[in-house]
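These protein sequence lines are chains A and B, in that order.
The numbers in the numbering used here rise by one with no breaks, and the one at position 137 of the first sequence is 137.
The numbers in the numbering used here rise by one with no breaks, and the one at position 271 of the second sequence is 271.
Every residue, glycine too, gets a C-beta built ideally from N, C-alpha and C.
Each remark here refers to the structure printed beneath this line.
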Amino acid sequence: MQLSPALYSRLVGAPGAAEPLPVERDPAAGAPPFRFAARRVRFPRDHEFFEDGDVQRHLYLQDVLTQVTGTPERPRVPEFTCQVAGCCQVFDTLEGYEHHYHTLHRNVCSFCRRAFPSVHLLDTHILEWHDSLFQILSERQDMYQCLVEGCAEKFKTSKDRKDHLVRRHLYPADFRFDKPKKSRGPATPGATVQVSSEARGDEGEQSGGDAMEVCSEHAAPLPEPVGERRTYSHRIPSTICFGQGASRGFKSTKKRKEHQ
Amino acid sequence: MGVELLCWNWERERIGKEKYQRQSGRCPPPPRSNPASSFRPAPPCPCPTLFYSPFAPPLPRSARLHFALCSAHSHLFRPALRLRGTSRLLGSWTGFLALGSVRLFFGSAMWSGRQGRLRPVGCVVEELRCRRREREAALRKARREQQLISKRLLRDDVPVEAEGGCVAMILGEAEIQQFLQLAQRGTEEKERERALVSLRRGLQHPETQRTFIWLEGSMRTLVGLLTSNQALLQLEAARCLHELSHSEQSAVAEACLPATSYLLTYLSGHSSDFIELCLYTLGNLIVESEAVRRQLLPQGIVPALAACIQSPHLTVLEALGYALSQLLQAKEAPEMIIPSVLGSALPQHILRLLQPGPKLNLGVAVEFAWCLHYIICSQVNNALLISHGGLSILGMLLLDVAGAVQRTEDAGLELLACPVLRCLSNLLTEAAVEVMGGPNQLEDEHVVAALFILLQFFLQKQPSLLPEGLWLLNNLTANSPCFCTSLLSMDLIEPLLQLLPVSNVVSVLVLTVLCNVAEKGPAYCQRLWPGPLLPCLMGTLASSDTEVVGQSLELLQLLFLYRPEVSFGPGTPILRPLISPWPLSFPSYSHFSGPGKPVWTPGQNFQLLFGKALFEIEVG
């Protein structure tokens with residue numbers, strides 16, 4: 001297919017179009033047996049017209065193998081420690097550090113040192129756990145907001161909200177980022193992991209019980225409930241730190257705002 | 001090493017064969033062949049020598065890899081092929097291909113230096129092409145049965161020397177339990193991580209996957225690890241989940257449902273690699289079954305994606321585009337999904353990401369162009385997209401793609417061109433576009449130039465996409481004197497005629513476009529005739545395809561109607577009487593001619609007076 005060089009320069013030239021030629025239709029044009037009529041055509045999604053392009057698209061999806069964060073393959077840097085005060089985790093790749101930082105230090109509550117996966121959950125937590133005004137207001141109106149982004153429903157109690165999450169949003173009943181404030185009890189009985197024959201499981205948390213607990217061996221203000229596994233504390237070498245000292249950097253309100 | 005290596009490769013081939021066949025459209029698995037008979041050593045991958053060529057514009061690794069593998073890729077290599085890329089850090093693609101089986105490493109710009117190490121390609125290429133054709137056929141079949149499911153896999157596997165290279169091991173119940181236990185309760189962090197890595201490697205095998213999901217509490221433990229505060233464990237657990245999501249066994253993918261609420265929660269996080277992984281996992285789960293989508297929608301996947309699309313990370317965006325395209329491709333999408341997508345901020349962001357410019361990333365653009373296509377062809381509320389400037393953005397994107405096509409010979413761009421063409425064509429049929437003037441119109445000669453450049457590109461690289469390009473041309477020219485004039489003034493009739501021999505479908509479309517031009521009146525026909533049109537028409541009139549003949553006659557009639565002064569004296573081409581030598585049985589009209597009873601019925605004789613010449617056509 002020979003295209004003139006002028007066409008290529010037309011592509012980059014100034015926009016515009018020539019004055020259209022005059023249109024003069026003859027009524028005999030569409031007379032039988034001829035029936036041509038110029039018209040725009042649309043095709044729905046499943047039309048066979050799209051078959052070739054769709055097949056190409058799926059071949060592309062199936063063929064592509066892209067790299068995931070392969071820690072061994074990342075360029076290694078000289079070992080360095082996490083710069084957050086008190087955290088002594090060591091890294092030799094930037095990506096590893098990035099993920100560690102985002103998981104443990106990015107959205108941390110300065111009051112109770114819990115880490116959250118997102119700013120939204122952190123804000124909700126601070127509001128519901130550490131804001132006395134919230135407690136007062138919640139007695140009069142529905143203040144517990146649904147955790148799903150986009151859902152504007154509010155509820156009287158944490159339990160109501162949880163029921164809503166389970167029923168309406170099909171969330172698991174033991175959703176980790178929605179622990180009610182008062183209950184620092186052991187993990188729900190249903191959480192037993194059959195894999196291990198040991199006593200009641202804790203979903204594999206270092207802290208055992210409360211998923212948001214960042215540090216375990218330095219006891220939180222409330223006493224650990226009976227029956228919770230404590231063997232972890234003994235087994236973790238003292239050189240491993242889970243950011244328990246991070247709170248020193250976050251204690252004041254001002255710094256908390258910076259991190260939000 | 002030799003024997004062990006070969007045995008392992010056979011195993012991989014058997015696994016890979018099943019996997020690709022099932023993946024490509026859920027065909028029933030073939031009967032298991034005798035291991036000994038299918039034993040064959042894996043040849044070194046020939047694709048780098050044939051199909052890769054480094055090129056200047058930095059395209060993301062996905063497009064480049066596709067190009068590198070598209071013609072040579074076969075199931076034989078799929079489990080063994082890994083791409084190492086440092087593109088994210090260095091900004092350019094200096095990936096190297098690691099073949100787990102043969103342990104060859106190539107630098108991307110160094111293909112030529114390594115060629116000496118490869119066998120002559122010869123029959124291997126033919127075999128690979130054959131496999132590709134098989135896969136294409138399987139995909140076509142799947143599409144007709146509405147069972148087109150394809151998933152994307154993110155996998156990084158270093159062929160660890162110490163382990164002897166065998167990566168996809170089948171793990172038994174006891175081993176899985178052991179790994180899970182170690183991951184959950186191990187003392188040393190590294191030990192826990194290693195346990196999960198071993199589990200993940202095992203989960204690459206379908207049997208391990210099955211064993212895993214049937215093991216009580218296993219998913220629960222995995223979800224627990226996914227939500228732990230140990231960043232590395234979290235990542236490894238997510239990778240295990242990703243392997244499971246990629247399974248072609250429905251039960252395995254559906255077993256991942258308990259994790260979805262967490263995957264969605266993590267989308268609002270900050271760790272781009274982790275988010276990318278979650279998105280690909282979600283995308284694989286979404287396409288799996290309606291049951292999964294029925295859970296994900298109330299869990300808030302659309303708002304989560306709408307929030308995540310504001311991320312600046314290209315890898316995250318590409319992954320998000322993939323997940324969203326899977327969501328929009330669902331059967332129930334027009335009723336259940338697209339309305340909420342259109343109601344969110346997603347359309348504006350999609351259009352923003354498709355805006356051409358130096359920041360346009362091909363991988364990201366491909367995914368979102370397909371998203372847009374699924375939205376538009378469902379015809380839920382295209383006026384909304386037009387009001388957001390969709391038409392002009394797509395028009396500019398078309399220009400951009402045409403420009404890119406000129407700069408580089410490499411394929412991969414048709415992956416973007418195809419959905420853009422479809423979006424434009426379908427949008428042009430919307431009533432909102434009929435309003436004359438304003439930003440809702442494409443009146444530029446640039447568009448025509450771009451389209452023809454793309455048509456030429458398709459002709460060379462992907463002729464199967466020519467009909468789609470010509471469809472856009474039809475929609476542009478049908479009701480627009482402006483575009484018809486552009487075709488004439490830019491001398492594009494002759495290039496158009498050069499497409500006639502490609503296929504019957506293409507011929508019909510070319511003739512339809514010419515009819516669009518001719519039906520506008522004498523001023524237009526004057527520019528069509530005399531010229532190269534007439535000899536071409538003589539050729540198409542002799543075609544064996546009834547639609548081609550029908551459309552040729554329509555065009556002839558229009559030409560003669562508006563140009564009656566064309567004489568048939570000496571010097572003009574003699575138009576002999578035409579007698580149809582073939583039985584013109586009940587013709588079915590194409591989508592472009594419109595529905596209705598066919599004109600040409602068997603046994604009919606037509607006498608057509610064209611100018612001063614009488615044609616007799618017998619319909620046999």
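Practice prompt. Taking only the alpha-carbon atoms, compute the straight-line gap between residue 447 of chain B and residue 141 of chain A and give it to the nearest angstrom.
Written response: Rounded to whole angstroms, residue 447 of chain B to residue 141 of chain A spans 58 Å at the Cα level.
Worksheet item: Is it right to say residue 38 of chain A is buried, meaning 16 or more other beta carbons lie within 10 angstroms of its own, or is it exposed?
Response: Under this definition residue 38 of chain A is a buried residue.
Item to complete: Please confirm if residue 491 of chain B has its CB atom under 9 Å from at least one CB of chain A.
Response: Closer than 9 Å: yes.
Worksheet item: Taking Cβ-Cβ distances shorter than 7 Å, what residues in chain A pair up with residue 269 of chain B?
Response: For a Cβ distance threshold of 7 Å, residue set 102, 117, 118 of chain A lies close to residue 269 of chain B, ordered along the chain.
Practice prompt. Can you tell me which of the three DSSP states residue 154 of chain B falls into?
Written response: In the structure shown, the three-state DSSP call for residue 154 of chain B is strand.
Item to complete: To the nearest angstrom, report how far apart residue 180 of chain B and residue 50 of chain A are at their CA atoms.
Response: Distance between the alpha carbons of residue 180 of chain B and residue 50 of chain A is about 46 Å.
Worksheet entry | Assigned exposure category for residue 370 of chain B - 16 Cβ within 10 Å defines buried | The residue is buried, with at least 16 neighbouring Cβ atoms inside 10 Å.
Practice prompt. Label residue 9 of chain A either buried or exposed according to how many other C-beta atoms from any shown protein chain fall within 10 Å of its C-beta, with 16 as the threshold for buried.
Written response: Exposed, by the Cβ-count rule.
Worksheet entry | Unbroken alpha helix (DSSP H) run spanning residue 538 of chain B, endpoints | It spans 533-541 - the alpha helix (DSSP H) in which residue 538 of chain B sits, taken as one unbroken run.
Item to complete: Entirely within the segment 279-334 of chain B and at least 4 residues each: give me those alpha helix (DSSP H) ranges in chain order.
Response: 290-296, 301-308, 314-329, all fully within the segment 279-334 of chain B.
Worksheet item: Can you give the Cα-Cα distance for residue 315 of chain B and residue 484 of chain B, rounded to whole angstroms?
Response: Between residue 315 of chain B and residue 484 of chain B, the C-alpha separation is close to 42 Å.
Worksheet item: Where does residue 50 of chain A fall in DSSP's three states?
Response: Correct three-state label for residue 50 of chain A: helix.
Worksheet item: Do you know how far the Cα of residue 466 of chain B is from the Cα of residue 125 of chain B?
Response: Whole-angstrom Cα-Cα distance: 26 Å.
Discussion item. To be precise: take each residue of the segment 163-182 of chain A, compare its Cβ to all Cβ atoms of chain B, and keep it if any distance is under 7 Å. Which residues remain?
Written reply: Within the segment 163-182 of chain A, the qualifying residues are 168, 169, 170, 171, 172, 175, 176, 177.
Worksheet entry | residue 23 of chain A at chain B interface by Cβ criterion, 9 Å | Taking Cβ atoms only, chain B reaches closer than 9 Å to residue 23 of chain A, which makes this a yes.
Discussion item. Strictly below 9 Å CB to CB, what residues from chain A border residue 452 of chain B?
Written reply: 1, 3, 7, listed in chain order.
Worksheet item: In whole angstroms, what separates the C-alpha of residue 413 of chain B from that of residue 451 of chain B?
Response: When rounded, the distance between both Cα atoms is 14 Å.
Worksheet item: Cα separation between residue 544 of chain B and residue 47 of chain A?
Response: Looking at the two C-alpha atoms, the distance is approximately 25 Å.
Item to complete: Could you name the residues of chain B that residue 112 of chain A contacts, counting a contact when the two beta carbons are closer than 8 Å?
Response: None at all; the shortest Cβ gap to chain B is about 14 Å.
Practice prompt. Compare the C-beta of residue 60 of chain A with all C-beta atoms of chain B and state if any pair is closer than 9 Å.
Written response: So yes, residue 60 of chain A belongs to the interface.
Discussion item. Give me, in chain order, the residues of the same chain whose beta-carbon lies closer than 6 Å to that of residue 356 of chain B; leave out the 5 immediate sequence neighbours on both sides.
Written reply: Correct list, in chain order: 396, 397, 400.
Practice prompt. Take the Cβ of residue 520 of chain B as the centre, count every other Cβ of all protein chains shown within 10 Å, and call the residue buried at 16 or more, exposed below.
Written response: So residue 520 of chain B ends up on the buried side.
Discussion item. Less than 9 Å between the beta carbons of residue 193 of chain B and residue 236 of chain B, yes or no?
Written reply: Yes, they are a contact pair.
Item to complete: Assuming residue 477 of chain B and residue 502 of chain B form a contact by the criterion Cβ under 8 Å, report the distance between their Cβ atoms to the nearest whole angstrom.
Response: Not confirmed; about 19 Å, so no contact.
Worksheet entry | Assigned secondary structure, residue 2 of chain A (DSSP; H/G/I helix, E/B strand, else coil) | Residue 2 of chain A: coil per DSSP, three-state reduction.
Discussion item. Quick check on the burial criterion: 16 or more other C-beta atoms within 10 angstroms. Buried or exposed for residue 359 of chain B?
Written reply: Residue 359 of chain B comes out exposed.
Fill in: Cutoff 6 Å; reference residue 424 of chain B; Cβ partners in own chain excluding five residues on either side
The beta carbon of residue 424 of chain B lies closer than 6 Å to those of 394, 472 in the same chain, with the five residues before and after it left out.
Worksheet item: Which residue from B:540, B:509, B:329, B:564 puts its Cα closest to that of residue 40 of chain A?
Response: Out of B:540, B:509, B:329, B:564, B:509 has the C-alpha closest to the C-alpha of residue 40 of chain A.
Worksheet item: With 16 other CB atoms within 10 Å as the buried threshold, where does residue 16 of chain A fall?
Response: Here residue 16 of chain A is exposed, its C-beta having fewer than 16 other C-beta atoms within 10 Å.
Discussion item. Measuring alpha carbon to alpha carbon, tell me which residue in B:561, B:564, B:562, B:539 is nearest residue 621 of chain B.
Written reply: Since the first residue of chain B shown is 1 and the last is 620, residue 621 of chain B is not available in this structure.
Worksheet item: What is the DSSP secondary structure of residue 144 of chain A, counted as helix, strand or coil?
Response: Judged by DSSP in its simplified three-state form, residue 144 of chain A adopts strand.
Item to complete: Starting from the Cα of residue 251 of chain B, find the closest Cα among B:229, B:264, B:206 and give me that residue.
Response: That would be B:206, whose Cα lies nearest to the Cα of residue 251 of chain B.
Worksheet item: Roughly how many angstroms separate the alpha carbons of residue 93 of chain A and residue 273 of chain B, rounded to a whole number?
Response: Using only the alpha carbons, I get a separation of about 13 Å.
Worksheet item: Which one of B:301, B:295, B:199, B:153 has the shortest CA to CA distance from residue 149 of chain A?
Response: Comparing Cα positions, the closest option is B:301.
Item to complete: Flag this pair as yes or no: are the beta carbons of residue 253 of chain B and residue 278 of chain B separated by less than 9 Å?
Response: Going by C-beta atoms, residue 253 of chain B is not nearer than 9 Å to residue 278 of chain B.
Practice prompt. Pull up the distance between the alpha-carbon of residue 317 of chain B and that of residue 87 of chain A, whole angstroms please.
Written response: Those two C-alpha atoms are separated by around 32 Å.
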